[in-house]
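Chains A and B, in that order, are what the protein sequence lines are. Under UniProt numbering, the first residue of the first sequence is numbered 1, with each subsequent residue one higher. Under UniProt numbering, the first residue of the second sequence is numbered 1, with each subsequent residue one higher.
2 protein chains.
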Amino acid sequence: MTIINNQITLAERPQGMPDDNTFEFVKKDVGDVKEGQILIKTLYVSVDPYMRGRMENVESYVEPFKLNEVIDGGSIGEIIESKSDQFKTGDIVTGMFGWQEYYIAGESEVRQIDPSIAPITTNLHILGMTGLTAYFGLLDIGKPKAGETVVISGAAGSVGSIVGQIAKIKGARVVGIAGSDEKVNFLKDELNFDAGINYRTTGNIKADLKHACPDGVDVYYDNVGGEISDAVMTQLNRYARIPVCGAISTYNLEEKDIGPRVQQTLIKKSALMQGFTVGNYSGRFKEGAKQLGQWLQEGKLTYRETIREGFENIPDAFLDLFRGKNIGKLLVKVGERSMNK
Amino acid sequence: MTIINNQITLAERPQGMPDDNTFEFVKKDVGDVKEGQILIKTLYVSVDPYMRGRMENVESYVEPFKLNEVIDGGSIGEIIESKSDQFKTGDIVTGMFGWQEYYIAGESEVRQIDPSIAPITTNLHILGMTGLTAYFGLLDIGKPKAGETVVISGAAGSVGSIVGQIAKIKGARVVGIAGSDEKVNFLKDELNFDAGINYRTTGNIKADLKHACPDGVDVYYDNVGGEISDAVMTQLNRYARIPVCGAISTYNLEEKDIGPRVQQTLIKKSALMQGFTVGNYSGRFKEGAKQLGQWLQEGKLTYRETIREGFENIPDAFLDLFRGKNIGKLLVKVGERSMNK
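Have a look at this one:
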């Protein structure tokens, strides 16, 4: 029996915002499962801002996507055939299976999920790379102390919403910047942030920051770059720390990303900016995952996920990341679990 | 007997480059030396780029100079009258005595110099704040490892020339950026730098950097900011460290300091930028001074100092810092030692 695999490939590298020409839907035979391999049926696909960077043909911390190959990305799937001693049919696993309905994996490419701990989708956000990105960036670089002020941009996004909650656990005053009143209300009402700023409607983000951060900014967790970050940089305290996680405001920019240089501010404030990617901390993933899982089970962390339905909607869900629509983590459900839980 | 004290005060805050209107020469009685105080005759005055920042009326890591008050700064002097048990006439001391011929100091304001260790002027550079700035910025933030590449801007200046030598002691490949062929030759011939780039004559600083740093840049010790730093930022290696010490290219800028934003680079390279001032390390000055003194006595560090003569030439010497004229440390000799050495 031949299984037909629906895939989404990179048809061309986008200039600015990706569109229909960027992606191509193709069909391909799944092929044979060899000894030591497993066949995975995709259940959920993660869409993440950093994937935009991989569409460019430039050197970065992850390899660029190759033209006409399946777009790579984090997913969750169910094993529907196993020629491995380590996995059996019905096991739920996560890994980089890409934007396709099926994937044949080697044993080392997957990590098994225990569905009894939390909904399996949490492994694509709060218990997965997103949670670890929040955890290590904030704690290893930001190092918030009780009573300090932590500002987060992209605060209602998948990473930002976890950063703020961890900062609250550490006793900080937490201020989130986001792009709608709905998001700001989510931060304050559901995540217990101390204040929120809607950058789209504020007439004066500096004044709003001053008001929300009467004692200045000790940690700025930067997910967006651009003018929002320019504004936060004016409010830093001495010895401020800035984990630079993302620059989503600039990923689709066709002109150059130009703004105030930071050197004078860094000197005057003895401030630190450090870029990072979660992979830098791979040796400590277990530590982070264990702590996040514990906080989740203790009710100290919560999350919101938006699940779009249908393989064909993956590209549109991805583009929603840049339209600023979603709150929390955005996933696409691609297949149903075939086994009973 | 009344001693007349020649002083230089801040007459007005400069817009852009300071000029004759910025400074005023005034005469004032020295006054009486009280119990526990010492009267110091100034021998040497240090002129330093950071002093430009203190001429602005903006919050920073050091207080702004006050209008119509003596311009503060590091100096070396000889005690000509002592009402302190700790000091005697003829002692050579250093401290912040400012741009004036005499200064009455309390005991805690001065540090005694042992003239037998090295020429006393070294206490205004390689054995003073300049040396400590180089030492802590490079070693605490830059953390160069043997075999890594360290790039220094403002490399022939007082701080940069020490930074490069310490980086050589640590086994790094050292590349200096400076503003004349004479300076570049000084770096290579006298300080043993591996390569030098004259930013004024290069047609393509990026290409020159690539050539001088075939393995990329691991540490960038930034003294200048602006376009030179923009160029170095394009050549960073993964996990690069950037001690941000100064931004002399921008201190007299009247327009805004605008350039490429750094966030995307920091993320892609997991790079760190950290601003600092030497005062952050005051608790470790003894450690640094001891090590610098040892290296100097072992012949592992050398220096060049340019000594201008005459109190009346202090403002012009200060402006030379921004004209890019001097190599190494720039001092002004204001008085003669009255005692035999």
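Positions of the beta carbon are idealized from the N, C-alpha and C atoms, including for glycine.
With 16 other Cβ atoms within 10 Å as the buried cut-off, status of residue i
i, result
"residue 336(A)", "exposed"
"residue 299(A)", "exposed"
"residue 10(B)", "buried"
"residue 294(A)", "exposed"
"residue 128(A)", "buried"
"residue 67(B)", "exposed"
"residue 52(B)", "buried"
"residue 290(B)", "exposed"
"residue 20(B)", "exposed"
"residue 114(A)", "exposed"
"residue 58(B)", "exposed"
"residue 229(B)", "buried"
"residue 338(A)", "exposed"
"residue 323(B)", "exposed"
"residue 145(A)", "exposed"
"residue 49(B)", "buried"
Identity of the residue in the options nearest residue i by Cα
i, options, result
"residue 269(A)", "259(A), 284(A), 217(A) and 243(A)", "217(A)"
"residue 26(A)", "61(A), 35(A), 60(A) and 69(A)", "69(A)"
"residue 247(A)", "297(A), 139(A), 237(A) and 258(A)", "258(A)"
"residue 16(A)", "233(A), 256(A) and 308(A)", "256(A)"
"residue 178(A)", "233(A), 193(A), 282(A) and 260(A)", "193(A)"
"residue 296(B)", "44(B), 126(B), 225(B) and 140(B)", "126(B)"
"residue 242(B)", "22(B), 50(B), 60(B) and 140(B)", "140(B)"
"residue 61(B)", "237(A), 251(A), 253(A) and 303(A)", "237(A)"
"residue 136(B)", "54(B), 249(B) and 283(B)", "283(B)"
"residue 47(A)", "73(A), 120(A), 327(A) and 261(A)", "73(A)"
"residue 43(A)", "97(A), 227(A), 106(A) and 13(A)", "97(A)"
Span of the beta strand (DSSP E) around residue i
i, result
"residue 235(A)", "Where residue 235(A) is concerned, there is no enclosing beta strand (DSSP E), given that its DSSP letter is neither H nor E."
"residue 212(A)", "It is not in any beta strand (DSSP E) - residue 212(A) instead sits in the alpha helix (DSSP H) that spans 205 to 212."
"residue 78(A)", "74 to 82"
"residue 260(A)", "258 to 260"
"residue 41(A)", "37 to 46"
"residue 281(A)", "Neither: residue 281(A) is in no beta strand (DSSP E) and is coded neither H nor E."
Rounded straight-line distance, which links the Cα of residue j to that of residue i
i, j, result
"residue 152(A)", "residue 163(A)", "8 Å"
"residue 341(B)", "residue 207(B)", "Below a pLDDT of 50, predicted positions are generally treated as unreliable, and residue 341(B), at 46, falls in that range; the measurement from the model is reported next regardless. Their backbone Cα atoms lie some 51 Å apart in a straight line."
"residue 83(A)", "residue 41(A)", "15 Å"
"residue 275(A)", "residue 266(B)", "4 Å"
"residue 18(B)", "residue 176(B)", "28 Å"
"residue 210(A)", "residue 235(A)", "7 Å"
"residue 159(B)", "residue 220(B)", "13 Å"
"residue 154(A)", "residue 185(A)", "14 Å"
"residue 138(B)", "residue 232(B)", "16 Å"
"residue 150(A)", "residue 173(A)", "6 Å"
"residue 157(B)", "residue 183(B)", "9 Å"
"residue 75(B)", "residue 64(A)", "56 Å"
"residue 244(A)", "residue 271(B)", "9 Å"
"residue 117(B)", "residue 292(B)", "12 Å"
"residue 187(B)", "residue 305(B)", "14 Å"
"residue 103(B)", "residue 333(B)", "16 Å"
"residue 85(A)", "residue 263(A)", "55 Å"
"residue 223(B)", "residue 122(A)", "46 Å"
"residue 302(B)", "residue 191(B)", "7 Å"
"residue 133(B)", "residue 109(B)", "20 Å"
"residue 28(B)", "residue 87(B)", "25 Å"
"residue 99(A)", "residue 254(A)", "26 Å"
"residue 5(B)", "residue 30(B)", "6 Å"
"residue 252(A)", "residue 327(B)", "45 Å"
First and last residue of the uninterrupted alpha helix (DSSP H) at residue i
i, result
"residue 344(A)", "Because chain A spans 1 through 341 in this model, residue 344(A) falls outside it and cannot be assessed."
"residue 153(B)", "Looking at the DSSP string, residue 153(B) is not in any alpha helix (DSSP H); the run it does join, the beta strand (DSSP E), is 149 to 153."
"residue 158(B)", "158 to 169"
"residue 195(B)", "Per DSSP, residue 195(B) belongs to no alpha helix (DSSP H); it is in the beta strand (DSSP E), 195 to 198."
"residue 134(B)", "129 to 136"
"residue 322(A)", "314 to 323"
"residue 201(A)", "Taken as a continuous stretch (DSSP letters only), residue 201(A) belongs to no alpha helix (DSSP H), as it is neither H nor E."
Residue i beta carbon near the ligand MG (any heavy atom closer than 7 Å)
i, result
"residue 161(A)", "This structure does not include the ligand MG; it has no bound ligands of any sort."
Check each residue of the region 256 to 286 of chain A: if its Cβ is closer than 7 Å to any Cβ of chain B, include it; give the result in chain order. Taking 7 Å as the Cβ-Cβ cut-off against chain B, the residues of the region 256 to 286 of chain A that qualify are 256, 257, 258, 259, 260, 261, 262, 263, 264, 266, 267, 268, 269, 270, 271, 272, 273, 274, 275, 276, 277 and 280.
Taking any Cβ of chain B, which residues in the region 79 to 113 of chain A have a Cβ under 8 Å from it, in chain order? none
Residues of the region 40 to 68 of chain B with Cβ closer than 7 Å to any Cβ of chain A, in chain order: 60 and 61
Closer than 9 Å, Cβ to any Cβ of chain A: which residues of the region 229 to 240 of chain B, in chain order? 229, 230, 238 and 239
What are the residues in the region 116 to 127 of chain B lying within 7 Å of chain A by C-beta distance? none
Relative to chain A, which residues along the region 197 to 226 of chain B have a C-beta separation below 8 Å, given in chain order? 222, 225 and 226
Could you please tell me which residues of the region 243 to 254 of chain A, in chain order, have their CB closer than 8 Å to any CB of chain B? Residues of the region 243 to 254 of chain A that bring their beta carbon within less than 8 Å of a beta carbon in chain B comprise 244, 245, 246, 247 and 250, in sequence order.
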